[in-house]
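Asker: Numbering (the working numbering), first residue to last: 11 to 119. Glycine included, every Cβ here is placed at the ideal spot set by N, Cα and C. This one's a predicted model, so the numbers in the text were calculated from it and none came from an experiment. One structure is given below, represented as structure tokens, and several questions about it will come after.
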Amino acid sequence: MIPITDKLIAEVTQRLVAELNPKEIILFGSYAWGTPNKYSDLDLCVIVPDDIPGFDRIEWGVRALNALDDLMVDVDVVVKTLSDVETFKTVPASLTRKIVEEGKLLYGH
């Protein structure tokens, strides 16, 4: 695997935007918190609209990983809908809350 740099994070973001057309992409985990080590992977939350016909979270996760396959980077992609985020962003101890409150917005508003 290759080292994770700001340039690589930008490339990953660009590819995910091109493949999934998300509302937002949020970096979370050790790279967002400023605590990466040599074993850290890239953790991304991709937020998509609620109105995607036939939406399948697993299928979209596979599409995301396929778009990044040739980059040879350790990455975990979590796909959530806008309503998922709205439902869980205030739930204490939820990953969604931590992502929303402490993550780094890479794409969207």
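Going by DSSP in three states, I109 sits in which element: helix, strand or coil?
Answerer: Translated into positions along the sequence shown, residue 109 becomes position 99. Helix, per DSSP.
Asker: Only counting the same chain, and skipping five residues up and downstream in sequence, which positions put a Cβ closer than 6 angstroms to that of G118?
Answerer: Along the sequence shown, read from residue 1 onward, the residue named residue 118 stands at position 108. Cβ within range, chain order: K33 and E34.
Asker: Count the C-beta pairs between the stretch 46 to 61 and the stretch 90 to 110 that are closer than 8 angstroms, then say yes if the count reaches three, no if not.
Answerer: A contact exists between the stretch 46 to 61 and the stretch 90 to 110.
Asker: Measuring alpha carbon to alpha carbon, tell me which of P13, E69 and G39 ends up nearest K114.
Answerer: Against the sequence shown, residue 114 aligns to sequence position 104. For the residues P13, E69 and G39, the minimum Cα distance to K114 belongs to G39.
Asker: Leaving out the 5 sequence neighbours to the left and right, which residues in its chain are closer than 7 angstroms to D51 when beta-carbon positions are compared?
Answerer: Translated into the one-based positions of the sequence shown, residue 51 becomes position 41. Answer for D51: D84, V85 and D86, listed in chain order.
Asker: Looking only at C-alpha atoms, which of M82, L37 and D94 sits nearest to D61?
Answerer: Indexing the sequence shown from 1 puts residue 61 at position 51. It is D94 whose Cα lies nearest to the Cα of D61.
Asker: Compare the C-alpha of N31 against each of D16, W70 and W43 and name the closest.
Answerer: In the sequence shown, the residue the question calls residue 31 occupies position 21. It is W70 whose Cα lies nearest to the Cα of N31.
Asker: How would you call T106, buried or exposed, if buried means at least 16 neighbouring beta carbons within 10 angstroms?
Answerer: Mapped onto the sequence shown, residue 106 falls at position 96. Flag for T106 reads buried.
Asker: Entirely within the stretch 32 to 114 and at least 4 residues each: give me those alpha helix (DSSP H) ranges in chain order.
Answerer: Listed in chain order, the complete alpha helix (DSSP H) runs (minimum 4 residues) inside the stretch 32 to 114 are 40 to 43, 67 to 78, 92 to 98 and 105 to 112.
Asker: Give the straight-line distance between the Cα atoms of L75 and E29, rounded to the nearest whole angstrom.
Answerer: The sequence position of residue 75 within the sequence shown is 65, counting from 1. The sequence position of residue 29 within the sequence shown is 19, counting from 1. The straight-line gap from Cα to Cα measures roughly 10 angstroms.
Asker: Roughly how many angstroms lie between the CA atoms of K108 and K99, to the nearest whole one?
Answerer: Position 98 of the sequence shown, counting from 1, holds the residue named residue 108. Position 89 of the sequence shown, counting from 1, holds the residue named residue 99. Rounded to the nearest angstrom, the two C-alpha atoms are 8 angstroms apart.
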